[in-house]
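Novice:
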């Protein structure tokens, strides 16, 4: 006598309910971790950009000061008298 086919619907429903719940909880935590990592990266990048900008501004300021000093030296020289 053949065995009647069992319905796989209840175990499938239980598996789907468990897997979707588990995935939603884990995905939410992973999403929070990704957001936190992105925030840390953006803050670190901002600090790095600010540091480079400050350094670049300082170097530019030094170059402008040197250029001004050179111009001052050249203008202080008196070329009107012959050697």
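In mature numbering (1 follows the signal peptide of the UniProt record, and there is no 0), the protein residues as written are -27 to -1, 1 to 56.
Ideal Cβ positions, reconstructed from N, Cα and C, are used throughout, including at glycine.
(1) For residue -21, name the three-state secondary structure that DSSP assigns.
(2) Give me the Cα-Cα distance between residue -9 and residue 18, rounded to the nearest whole angstrom.
(3) Between the C-alpha atoms of residue 1 and residue 10, what's the straight-line distance to the nearest angstrom?
Specialist: According to the structure shown:
(1) What you label residue -21 is simply residue 7 of the chain shown in a count that begins at 1. In the structure shown, residue -21 falls within a coil segment according to DSSP collapsed to helix, strand and coil.
(2) The residue given as residue -9 occupies position 19 in the chain shown. The residue given as residue 18 occupies position 45 in the chain shown. Rounded to whole angstroms, residue -9 to residue 18 spans 38 angstroms at the Cα level.
(3) On the chain shown, position 28 is the one that residue 1 refers to. On the chain shown, position 37 is the one that residue 10 refers to. Taking C-alpha positions only, residue 1 is separated from residue 10 by approximately 14 angstroms.
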